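Visitor: My questions will all concern the structure given below.
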Amino acid sequence: MINKIHSLGGYIHEYQKSVANPQAFWAQQGESFFWRKRWDKVVDWNFDEPKIQWYVNGKLNITENIFERNLYTHGSQEAIIWEPNNPDEESRTLTYSELFVEVNKFANTLRRLGVGKGDRVAIYMPMVPELAIALLACARIGAIHSVVFAGFSANALKERINDAAAKVLLTADGGFRGDKITPLKQIADEALTNCSSIETVVVLKRTKSDIEMVVGRDIWWHKAVDGQSEVCPAEEMDSEDPLFILYTSGSTGKPKGIVHTTGGYMVYSGYTFSNVFQYHAGDVYFCTADIGWITGHTYIVYGPLLAGAKTLMFEGVPTWPDAGRFWDIVSKYQVNQFYTAPTAIRALLAKGNEFVEGKKLSSLKVLGTVGEPINEEAWHWYHDHVGRNQCPIVDTWWQTETGGVMVSPIAGITPTKPSFATLPLPGVQPVIVSNEGKELTGNSVEGNLCIKYPWPGMARTIWGDHERFRQTYFSSYSKMYFTGDGVKRDEDGYYRILGRVDDVINVSGHRLGTAEIENAINEHPLVNESAVVGYPHAIKGQGIYAFVACGELSTGGEDGIRKSIMQGVTKIIGPIARPDLVQLVPGLPKTRSGKIMRRILRKVAEGDATNLGDISTLLDEDVVEQIIDGALVDV
Ligand code: WTA
């Protein structure tokens with residue numbers, strides 16, 4: 001049983017304990033899990049190299065903690081409840097015992113394909129139970145999974161496969177999303193024209209789309225699994241053996257392969273899930289994220305299953321067949337905890353209350369949000385219309401790199417405040433640092449959010465590039481992990497996340513690097529250079545505004561070029577990175593030393609060109625005036 005907090009006093013007590021003696025605190029949390037061999041030391045760390053090790057020399061397998069540990073008590077209870085894209089298609093449920101069998105069979109399949117401990121398995125799949133089975137099967141045999149969100153392009157998939165040098169790719173013939181089908185296999189085939197590490201592609205039949213199977217490389221999932229043994233001994237893993245890689249965007253260059261390891265991630269995902277959502281045995285928990293993102297890894301798969309919970313997986317989209325779909329699912333399965341993103345809330349709010357009113361939502365006990373700051377209007381709508389004024393909202397702040405929730409209310413225990421992530425979870429030591437690197441103590445302060453002590457769920461490195469890991473997170477401020485977020489601590493000591501302070505933008509809760517989008521735009525033959533910034537967007541939170549300097553505008557006129565730039569980005573990264581606005585400009589505002597003055601572009605995109613700040617280093621003021629004149633938002 002994972003230790004649970006039951007009261008505000010309990011939270012304060014645990015928090016104090018966790019700061020006074022982090023090792024004792026995390027040792028106690030570690031005790032709730034099954035280890036083949038106990039750790040020698042709870043934590044060994046420094047933020048200079050950086051080196052972060054938790055539960056040092058502990059031996060375990062995370063799937064033994066999901067299955068063997070839970071089977072006696074939970075064997076016949078649902079583990080995964082799956083709701084298909086089409087409400088008329090039959091749903092599926094897998095009990096813990098049934099899931100265990102599927103995981104073992106698929107783990108044996110992978111072993112037969114020559115996959116062993118430490119090998120990378122790339123996964124490019126729709127939201128079907130086999131996706132969760134794939135993750136757990138990898139974990140069972142010690143293979144490192146690298147899930148690539150099924151909305152990414154062939155090019156993005158290729159980059160990720162190559163960076164991790166994955167041996168096997170798991171995909172499907174296609175994926176249903178609303179009234180569309182994503183041709184996953186076709187996209188994968190395109191990616192694989194340039195991926196020499198892939199030996200085998202396992203293809204799940206889902207949409208029954210017409211696809212080509214490459215002889216000697218591709219096999220059908222059902223055929224590969226057929227006849228495999230239902231028993232698969234778990235690989236013994238060291239605490240610090242990698243469990244998975246998940247790529248995320250940074251402010252510069254190509255996506256980073258964030259590496260999470262086994263022991264610490266297990267303890268952190270289990271502990272935070274049980275506590276933040278206050279999950280009780282028998283509850284039905286529904287997280288609407290996609291497993292292609294960290295939220296799905298930690299809070300659809302690992303956290304809930306470690307806690308022996310019933311986790312609901314939904315294949316489709318919130319607005320199909322109509323904007324009441326989430327609420328139909330909540331009512332169909334009597335969902336108790338519901339976890340989604342502000343962008344979804346805003347999109348549903350905009351469709352009107354008729355889709356939520358009259359739905360049977362009385363089972364709901366806890367509402368959660370994640371991915372971006374939630375504005376007050378969305379918070380209140382969520383609270384009043386979905387939660388009927390009766391459900392606490394847990395506004396959970398965290399990141400791909402943190403592995404699990406860091407700052408958040410504990411449901412029903414921490415008093416909430418709209419748009420505030422409130423207080424750090426036990427074991428988390430946030431600090432606010434000025435741009436000059438000075439820690440700002442006390443309340444009513446605002447600055448950069450850093451964490452000064454490690455926690456078990458934190459990333460250990462960037463795959464293949466530890467120096468980049470150090471540089472990105474541990475070089476801005478000495479001896480601290482820098483999150484990239486701005487934050488305010490109010491007069492009550494509550495944290496409000498203000499958004500990214502670097503060149504990362506958060507579009508519909510998806511993290512994108514501006515440099516990544518610029519690189520894609522710059523591949524267009526007519527483009528000389530470009531600069532991308534975020535701008536306030538009513539539904540997406542942030543929209544993508546691209547300022548693009550072209551040479552000759554010959555073919556197709558301005559509209560044609562704009563359109564082809566947008567299409568280019570969709571092709572190179574995926575639809576999520578497609579700019580909302582493309583402004584063709586005569587040049588970009590630069591300093592005398594040639595640096596693009598993004599600050600000015602951000603101001604224009606925000607529709608506020610009245611106060612551009614210090615422009616004394618600007619090379620050419622005319623360019624700025626022309627940009628303001630041609631702005632695609634009101635300035
Ligand atoms: C943002 C998602 C405000 C933040 C789990 C962070 C949030 C980035 C919140 C990480 C929140 C996440 N309030 N902002 N509750 N949760 N963010 O890696 O900017 O996809 O740095 O992880 O999302 O995004 P990622």
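Note that full-length UniProt numbering has the sequence shown beginning at 1, numbered continuously upward. C-beta: ideal position from N, C-alpha, C; glycine also. It should be emphasised that the depicted structure is a prediction, and the values quoted were computed from it without experimental measurement.
Nearest by alpha-carbon distance to Asn86: which of Gly142, Asn46, Thr207 is it?
Guide: Your numbering for residue 86 matches position 86 in the sequence shown. Considering only alpha carbons, the answer is Thr207.
Visitor: Within a Cβ cutoff of 6 Å, which residues of the same chain sit near Ser269, ignoring the five residues on either side of it in sequence?
Guide: Taking the first residue of the sequence shown as position 1, residue 269 is located at position 269. For Ser269, where only same-chain residues beyond five positions count, the Cβ hits under 6 Å are Thr298, Tyr302, Gly303, Gly404.
Visitor: Quick one: is Val215 buried, meaning 16 or more other Cβ sit within 10 Å of its Cβ, or exposed?
Guide: Within the sequence shown, residue 215 is the residue found at index 215, counting from 1. Burial call: exposed.
Visitor: Taking Asp226 as part of the alpha helix (DSSP H), name the residues at either end of that continuous run.
Guide: As a position in the sequence shown, residue 226 is number 226, starting the count at 1. Where Asp226 is concerned, there is no enclosing alpha helix (DSSP H), given that its DSSP letter is neither H nor E.
Visitor: Exposed or buried, which one is Glu64 when buried takes at least 16 other CB atoms within 10 Å?
Guide: Position 64 of the sequence shown, counted from the first residue, corresponds to residue 64. So Glu64 counts as buried.
Visitor: If I measure Cβ to Cβ from Asp580 and keep anything under 6 Å in the same chain, skipping five residues before and after, which residues do I get?
Guide: Working through the sequence shown from its first residue, we reach residue 580 at position 580. So the qualifying residues of the chain are Gly543, Ile544.
Visitor: Let me confirm a value: Ile345 is counted as buried when at least 16 other C-beta atoms fall within 10 Å, else exposed. Which label applies?
Guide: Here residue 345 is taken as the residue at index 345 of the sequence shown, counted from 1. Label assigned to Ile345: buried.
Visitor: At a threshold of 7 Å, does Pro430 count as lining the ligand WTA (C-beta to nearest heavy atom)?
Guide: Numbered from its first residue, the sequence shown carries residue 430 at position 430. For the ligand WTA, not one heavy atom lies less than 7 Å from the Cβ of Pro430.
Visitor: Excluding the 5 residues preceding and the 5 following Thr109 in the sequence, name in chain order all residues of the same chain whose CB lies nearer than 8 Å to its CB.
Guide: One-based indexing of the sequence shown puts residue 109 at position 109. Once the five neighbours on either side are set aside, the close Cβ partners of Thr109 are Ala137, Val202, Ala224, Val225, Gln228.
Visitor: For the ligand WTA, I want to know if Arg511 counts as a neighbour, meaning its beta carbon is within less than 7 Å of at least one of the ligand's heavy atoms.
Guide: Counting from one through the sequence shown, the residue named residue 511 turns up at place 511. At least one heavy atom of the ligand WTA is nearer than 7 Å to the Cβ of Arg511, so yes.
Visitor: Is it a yes or a no for the region 450–465 touching the region 49–57, going by three-plus beta-carbon pairs under 8 Å?
Guide: Because the criterion of three Cβ pairs below 8 Å is met, the region 450–465 and the region 49–57 touch.
Visitor: Output needed for Ile5: all residues of its chain with C-beta closer than 8 Å, excluding positions within five of it in sequence on either side, in chain order.
Guide: Numbered from 1 along the sequence shown, position 5 holds the residue referred to as residue 5. Once the five neighbours on either side are set aside, the close Cβ partners of Ile5 are Tyr11, Glu14, Asn275, Ile410, Ile413, Pro426.
Visitor: For Pro304, name the three-state secondary structure that DSSP assigns.
Guide: Within the sequence shown, the letter at position 304 stands for residue 304. Pro304 falls in the helix class under three-state DSSP.
Visitor: Does any heavy atom of the ligand WTA sit closer than 7 Å to the C-beta of Ile300?
Guide: Taking the sequence shown and counting its residues from 1, the one referred to as residue 300 is at position 300. No.
Visitor: Excluding the 5 residues preceding and the 5 following Arg120 in the sequence, name in chain order all residues of the same chain whose CB lies nearer than 6 Å to its CB.
Guide: In the sequence shown, the residue the question calls residue 120 occupies position 120. Answer for Arg120: Ile144, Ser146, Ala164, Ala166, listed in chain order.
Visitor: Is the closest heavy atom of the ligand WTA to the C-beta of Trp293 under 7 Å?
Guide: As a first step, residue 293 is located in the sequence shown; it is residue number 293 there, counting from the start. Yes, the beta carbon of Trp293 sits closer than 7 Å to at least one heavy atom of the ligand WTA.
Visitor: Do three or more CB pairs link the region 550–570 to the region 600–611 at distances below 8 Å?
Guide: No contact exists between the region 550–570 and the region 600–611.
Visitor: List the endpoints of the continuous beta strand (DSSP E) containing Asp395.
Guide: Against the sequence shown, residue 395 aligns to sequence position 395. 393–396 is the extent of the beta strand (DSSP E) around Asp395.
Visitor: Which same chain residues, not among the five before or five after Val582, have their C-beta less than 7 Å away from its C-beta?
Guide: As a working note, residue 582 is residue 582 in the sequence shown. So the list reads Ala546, Val548, Arg562, Ile565, Met566, once near-sequence residues are dropped.
Visitor: The ligand WTA and Ala421: does any heavy atom of the ligand fall closer than 7 Å to the residue's C-beta?
Guide: Sequence index remark: in the sequence shown, residue 421 carries index 421 (1-based). Result yes, Cβ under 7 Å from the ligand WTA.
Visitor: Could you spell out the range, first to last residue, of the alpha helix (DSSP H) harbouring Ala154?
Guide: Position 154 of the sequence shown, counted from the start, is the residue given in the question as residue 154. Its alpha helix (DSSP H) spans residues 154–164.
Visitor: Find out if the Cβ-Cβ distance for the pair Phe355, Gly324 is shorter than 8 Å.
Guide: As a working note, residue 355 is residue 355 in the sequence shown. As a working note, residue 324 is residue 324 in the sequence shown. Going by C-beta atoms, Phe355 is nearer than 8 Å to Gly324.
Visitor: Determine the extent of the beta strand (DSSP E) in which Pro536 is found, giving its start and end residues.
Guide: For the purposes of this step, residue 536 is taken as residue 536 along the sequence shown, with counting starting at 1. Counting along the chain, the beta strand (DSSP E) containing Pro536 begins and ends at 527–537.
Visitor: Between which two residues does the beta strand (DSSP E) containing Tyr268 stretch?
Guide: Locating residue 268 in the sequence shown gives position 268, counting from the first residue. Looking at the DSSP string, Tyr268 is not in any beta strand (DSSP E); the run it does join, the alpha helix (DSSP H), is 262–276.
Visitor: Short of 6 Å in beta carbon distance, which residues of its chain neighbour Asn155, apart from the five on each side in sequence? Order them along the chain.
Guide: Reading the sequence shown from its first residue, position 155 is the one you call residue 155. Excluding residues within five positions, the ones whose Cβ falls inside 6 Å are Ile572.
Visitor: To the nearest angstrom, report how far apart Gly493 and Asn448 are at their CA atoms.
Guide: Residue 493 sits at position 493 when you count from the first residue of the sequence shown. Residue 448 sits at position 448 when you count from the first residue of the sequence shown. Distance between the alpha carbons of Gly493 and Asn448: 15 Å.
Visitor: Bridge partners of Met237, per DSSP?
Guide: Here residue 237 refers to the residue found at position 237 of the sequence shown. Paired residues: Leu60.
Visitor: Quick one: what does DSSP say Gly257 is sitting in, helix, strand or coil?
Guide: What you label residue 257 is simply residue 257 of the sequence shown in a count that begins at 1. Looking at Gly257 - three-state DSSP - the assignment turns out to be strand.
Visitor: Using only the heavy atoms of the ligand WTA, determine whether one of them is closer than 7 Å to the beta carbon of Trp398.
Guide: Counted from its first residue, the sequence shown places residue 398 at position 398. Trp398: yes, Cβ under 7 Å from the ligand WTA.
Visitor: Does the distance from the CB of Gly250 to the CB of Lys256 come in under 8 Å?
Guide: Counting from 1 along the sequence shown, the entry for residue 250 is found at position 250. Counting from 1 along the sequence shown, the entry for residue 256 is found at position 256. Yes, they are a contact pair.
Visitor: Among Ser408, Met480, Lys488, which residue has its Cα nearest to the Cα of Glu446?
Guide: For the purposes of this step, residue 446 is taken as the residue at position 446 of the sequence shown. Nearest C-alpha to Glu446: Lys488.
Visitor: Counting beta carbon pairs with one atom in the region 607–627 and one in the region 583–599, are three or more of them shorter than 8 Å?
Guide: With the cut-off at 8 Å, the region 583–599 and the region 607–627 touch.
Visitor: To the nearest whole angstrom, what separates the beta carbons of Gln399 and Thr483, a pair I think is in contact under 8 Å?
Guide: As a working mapping, residue 399 is identified with position 399 in the sequence shown. As a working mapping, residue 483 is identified with position 483 in the sequence shown. The Cβ separation is near 6 Å, so the contact holds.
Visitor: Mapping DSSP to helix, strand and coil, what is Ile600?
Guide: For this step, residue 600 is matched to residue 600 along the sequence shown. Looking at Ile600 - three-state DSSP - the assignment turns out to be helix.
Visitor: Which residues does DSSP pair with Gln542 in a beta bridge?
Guide: Translated into the one-based positions of the sequence shown, residue 542 becomes position 542. The partner list for Gln542 (beta bridge, DSSP) reads Pro536.
Visitor: Taking the alpha-carbon of Leu584 as reference, which of Asn336, Cys450, Thr514, Gly560 has the nearest alpha-carbon?
Guide: Residue numbering aside, residue 584 sits at position 584 when the sequence shown is read from its first letter. Here the closest residue by C-alpha is Gly560.
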